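Position 105 of the sequence shown, counted from 1, bears residue number 105 in full-length UniProt numbering, the numbering being contiguous throughout.
Using N, Cα and C, we set each Cβ at its ideal position, and we do this for glycine too.
Remember, it's a predicted structure, so these values are computed and weren't measured experimentally.
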Amino acid sequence: MKLLRKIAELVDSDIAANSKPISLIGMAIPFVPFMIFVDGAPADRFPVLGGLALALSLGWGAFIMWRVLRHTGAELEGYNYVIGSARFWRLIIVTLLLIMLVTVALMWFENRVG
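Right, dumping it as structure tokens:
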């Protein structure tokens, strides 16, 4: 358990020192062997290991994002500013709708031109 605590402390100090955590670079580490030793897409030749590397990468990214949100919450606590849940979900929904709108527009354009 001390190893996990040391990793969490290292990530927390990295997040506190940088506006964009260098720890996010660690998301690519599970893919390094594939990038160096595999010709073509790793999912084609090694689907189980490729899936494992993807799961490790997503898990590490979720851990980093959790620590970033935890740090941000601690920073905003001093200002007595709380992001309301309605505002948060409105931001998420509008972002997703905008992405879908751009995707539909691009698909329509490809079908018209192509």
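### Task
Give the single residue among M1, K2, A17, R5 whose Cα lies nearest to the Cα of H71.
As a position in the sequence shown, residue 71 is number 71, starting the count at 1. Selected option, being the one with the closest Cα: A17.
### Task
For N111, name the three-state secondary structure that DSSP assigns.
Working through the sequence shown from its first residue, we reach residue 111 at position 111. Note: N111 maps to helix in three-state DSSP.
### Any alpha helix (DSSP H) of 4 or more consecutive residues that is wholly inside the segment 16-85
Under the rule that a run must span 4 or more residues, the alpha helix (DSSP H) segments found entirely inside the segment 16-85 read 32-37, 42-45, 47-77.
### Message
Quick check on A105: buried or exposed, where buried means 16 or more other Cβ atoms within 10 Å of its Cβ?
### Response
In the sequence shown, the residue the question calls residue 105 occupies position 105. Exposed: under 16 other Cβ atoms inside 10 Å.
### Message
What does the Cβ neighbour count give for V11, buried or exposed, with the cut at 16 atoms within 10 Å?
### Response
The residue given as residue 11 occupies position 11 in the sequence shown. Looking at its Cβ environment, which holds 16 or more other Cβ atoms inside 10 Å, V11 is buried.
### Task
Can you tell me which of the three DSSP states M1 falls into?
Locating residue 1 in the sequence shown gives position 1, where the first residue counts as 1. DSSP places M1 in coil when its eight states are reduced to three.
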